[in-house]
Amino acid sequence: MNVAKKIISRHLLAGKMEIGCEIGLKVDHTLTQDATGTMAYLQFEAMDVPKVKTKLSVSYVDHNTLQSGFESADDHKFLQTIAEKYGIIFSPAGNGICHQVHLERFGVPGMTLLGSDSHTSTGGGLGMLAFGAGGLDVACAMAGQPFYITMPKIVKINLKGKLRDWVSAKDIILELLRLQNVKGGRGKIYEFSGEGVRTLSVPERATIANMGTELGATTSIFPSDDVTKDFLERQDRKVSWTRIEPEESATYDEEIEIDLNMLEPLIAAPHMPDNIKKVRDLEDIKVNQVGIGSCTNSSFADMLLTSEILKGKKINKNVNFFISPGSRQVLEMLSHSDALFNIIGSGARILESSCGPCIGMGQAPESSAVSLRTFNRNFEGRSGTKNAQVYLCSPEVALAAALTGKITDPTRYFNKKPSANTSEKFFIDDKHFQLPPVDSSKVKVIKGPNIKSLNEFEPLSNSLHGKIVLKVGDNISTDHILPAGAKILPLRSNLLAISKYTFAVVDKSFASRAKSTQNGVIVAGENYGQGSSREHAALAPRYLGIKIVLAKSFARIHLANLINFAILPLTFDSFPDYNKIKLDDEIDFDDIRNVIEKDKSIYAKVNNTRIKVNYNLTQRQKNIIFAGGLLNWIKRQLTKHKSL
Ligand code: MIC
Ligand code: SF4
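By this note's numbering, the letter at position 174 of the sequence shown is numbered 224, and the numbering carries on one by one without gaps.
Structure below.
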C-alpha cells in the first residue's frame, strides 16, 4: 500500500477503497478557525452532544483579527466559551494561523485531521491525512460521525533530484499547477514520493501540501520519515512520530514525475493560481506591493531567509513591503535573535501572526497595483482592490522584487544563497493555548448580538418551478459567491446580514433578485465553487431561495456544502445544453423528488426544450437533501440513537 491507502485503511468506517465509492473515515483531530468556526460550533451545539468525541479538537482565532467593530471580538468570546464547554482547546488571536500552529504543536503523522478551512491539507506535510471541509461536516466529526468522501485516485508525484539555489518548494507546487490546473486535482490525492522528498524539510512539504488545494485535490500527503522525526524532535514532540512510508511494492493510480534540478522560479499571474509563468519572462514589470506570509509561506525558515536577505538592505522606495509570521512560535524565535531587527530595519511592516492580507483583512493594494505575495490564492478582488494585479510566488522571488521594485529572477539577481540555520530546536511556549476544564458544567456560553440562531430549511419539494437567477462561467470560486474581506467577514455569524453580499462582485443585484424569486436556479460552468471551504457560500444562496445549482462540474468541498444545506447539485448531461439557457428563463423540474428517489433520469423543461441533467448522489446524500439538510438529518440520527 501507499501512504494514503495505509492511513485510509486504518480509519475506514464505511465503504470500500475502490475509486469512486463513497467512504466514511474516522476523524482523529479537528480544527476550526474563527471565520467558519462560529457557525460550526452553533451547529455542534444544536446536535446536543455533551463533549467532542475526537482525540483532539482545536479552535483557532486567526482570520477576523482586525476587529474594526464589536462583531469579531464577540465571535472570539463565543468561541472561547464554547470551547471550554465542549472540551476543545482554544487558540486565541496572536497564536498564529491554524495550519502553521497545528503543524508545529499538534499534528501527528498517520492520523486524520478534518478542518473547516480548505488549506487543512497542510497537515499532509507531516504525514497526516488532512482534509478541508464545511463547518457542518467538522461539527459532525466532533459529534463522532464519520467524514465522507469519494474514494479518490492516489497519484504519485515522483520528485527526482534536488532544488537549485533560489528555487523553492513553492516552485514545485506552482509547477504542478502548471501541469494540472485548478481543476486537475479533483478526485485525487497527491502523494509525494521519490528521492527529492528527502531533501525537503517539513515546512517545505507543508507549503506544497497546502497549495495542493489550489489544484482542487481531495488532499496531498508526504511520508513520515526521518525528516519528519527530526522536525517533531525539535518541536519536543518525538513521541508523536511514527514512520509511515509506502511499501516497496506500493502501486498508484497515476504517476507524474518532476525533476527538481530542472525547475526554475515560477509565478502565478493574475487572477488564477494556475496562470503560471516563468519569472524570467515577466522581468521588469514594476511592483508596488510585496507580502511574505499566509499559511503557505510563513514558517520560521521562510522568515529567517527573509531576514538574511534583508540584513543591512533597504526595501525599494516604491514598494510597500509587509511580513506576517505564521505563528507566535515563529515570531518569538525571530525576536530571540537579530532576525527581527534585520527585517524591521529594512523598512518592512510587521503584521500580526494571522491570515491578514491573504483574506483581504487590511493591506489592500493601491489602484491597479502589482502585488507579489507568497500566498496561495489570487482570485480577482480577494486582496480588497478589484483592479489590483496579484501574483503568487516564493519568498525568494518576493524578496528580489522587494529590493529591486520589479519582478526579478532571484537566480540571476542574488549571489550565493545565505545559509540560514533553521536546524535549532524550536522555541516551545504552549502557555497561550487554553485547555478546557474537566468539569464544564458551570461554563456559560456567551453569544454577542451579532450571533444569530441557525436557520431551518424545508425539504426538497415534489416539483420545482424555478427561474434562472444567475448564469456564470467556469472556475467560479467561493470568493466570487460570497466574498471575504474586512467588511464582510465580521458578518459570518449573521446569515441575514451576510447574505446581502452574495455574488456581490459578480452581480450586485443578485441578492435582492434571488430573494424575491425564491425558487432560484444558478447555472454555472466547470469547477463551480472552487477555493475556500466557507459553507456560507452554500448557506447564503439557500437562504436567498436557491434550490438548485446546475453546473458542468463542481469542486469537492462546495459540492458537499450544497448538499449539506439541501441545494440540489445537478450537472449537464451534454455541455452544449449550457448555451441553451439564459438569465431569467423559467425552468421546470417535474416530480423531481420522486425521480431521484427512484434513481430515474431527470429532464428539465426550459424554453420549450427538454434538457437531460444528471445527479450523482449516494443514498446518504439523498437522505440529507430530502431531510432539508444535514443538520436536520443528523439530529434525527442522534435522537434515534439515544432512544435505542
Ligand atoms: C480562504 O483562504 O479562502 C479561507 C478564508 O481561509 C477559507 C475559509 C473561510 O472562508 O473562512 C478557506 O480556505 O477555506
Ligand atoms: Fe488564512 Fe489565507 Fe491560509 Fe486561508 S489561505 S487559512 S485566509 S492564510
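For each residue, glycine too, the CB sits at the ideal point set by N, CA and C.
- In this structure, the beta-carbon distance from histidine 169 to glycine 182 falls below 8 Å.
- Taken in chain order, the complete alpha helix (DSSP H) segments of 4 or more residues contained in the region 227 to 296 are 252 to 261 and 276 to 284.
- Proximity annotation: ligand 1 has residues Ala85, Thr86, Asp167, Ser168, Ile409, Ser582, Ser583 and Arg584 in chain order, each selected because its CB is closer than 5 Å to a heavy atom of the ligand.
- In this model, methionine 67 and isoleucine 596 are separated by some 34 Å (Cα to Cα).
- Below 8 Å, enough C-beta pairs join the region 602 to 613 and the region 577 to 590 to call them touching: three or more.
- DSSP, reduced to helix, strand and coil, places aspartate 635 outside both helices and strands of the structure shown, so it counts as coil.
- For the 8 Å CB-CB criterion, threonine 162 and isoleucine 57 form a contact.
- Given a length threshold of 4 residues, each whole run of the alpha helix (DSSP H) inside the region 139 to 181 is given here in chain order: 148 to 151.
- Restricting attention to alpha helix (DSSP H) runs no shorter than 4 residues, the region 524 to 566 encloses them at 528 to 531, 535 to 538 and 545 to 549, ordered along the chain.
- With fewer than 16 other CB atoms across the displayed protein chains lying within 10 angstroms of its CB, phenylalanine 625 is exposed.
- Residue nearest to isoleucine 409 within the set Leu224, Pro533 and Pro296 is Pro533 (criterion: CA-CA distance).
- With a cutoff of 7 Å, arginine 255 does not count as near ligand 2, since its C-beta is closer than that to no heavy atom of the ligand.
- Taking C-beta atoms as the reference points, leucine 129 and valine 108 fail to come closer than 8 Å.
- Here aspartate 649 is exposed, its C-beta having fewer than 16 other C-beta atoms within 10 Å.
- 8 Å or more divides the Cβ of phenylalanine 622 from the Cβ of alanine 588.
- In the three-state scheme derived from DSSP, where H, G and I count as helix and E and B as strand, alanine 319 is classed as coil.
- Boundaries for phenylalanine 476: no beta strand (DSSP E) harbours it, and the DSSP string shows neither H nor E there.
- Between the region 307 to 320 and the region 278 to 285 there are fewer than three inter-stretch CB-CB distances shorter than 8 Å, so the stretches are not counted as touching.
- Distances from the CB of serine 344 to the heavy atoms of ligand 2 include at least one below 7 Å.
- At the C-beta level, serine 385 and lysine 363 stay beyond 8 Å of one another.
- With a threshold of 7 Å, the Cβ atom of phenylalanine 425 counts as near ligand 2, since some heavy atom of the ligand is closer than that.
- A straight line joining the alpha-carbon of aspartate 78 with that of valine 188 spans about 11 Å.
- Residue state for alanine 677 is assigned as helix, using DSSP reduced to three classes.
- Closest in alpha carbon position to lysine 630, among Leu514, Ser651, Ile661 and Arg214, is Ile661.
- The C-alpha of threonine 567 lies about 13 Å from the C-alpha of isoleucine 598.
- Here glycine 376 is buried, its C-beta having at least 16 other C-beta atoms within 10 Å.
- For cysteine 190, the number of other beta carbons within 10 angstroms of its own is at least 16, and it is reported as buried.
- Between the alpha carbons of phenylalanine 639 and isoleucine 538 lies a distance of about 34 Å.
- In the three-state reduction of the DSSP assignment, proline 202 falls in the coil class.
- When secondary structure is reduced to three states using DSSP, histidine 79 falls in the strand class.
- Straight across, the Cα-Cα distance linking threonine 424 with alanine 267 is about 20 Å.
- Annotation for isoleucine 531 indicates a beta carbon at 7 Å or more from all heavy atoms of ligand 2.
- Distance check between leucine 75 and each of Lys602, Met192, Leu224 and Phe464 places Met192 closest, using alpha-carbon atoms only.
- Sorting Ala398, Ala319, Asn370 and Leu545 by C-alpha distance to the C-alpha of methionine 353 places Ala398 at the top.
- Annotation for cysteine 71 indicates a beta carbon at 7 Å or more from all heavy atoms of ligand 2.
- With respect to the 8 Å criterion, aspartate 324 and valine 420 are not classified as neighbours on the basis of their beta carbons.
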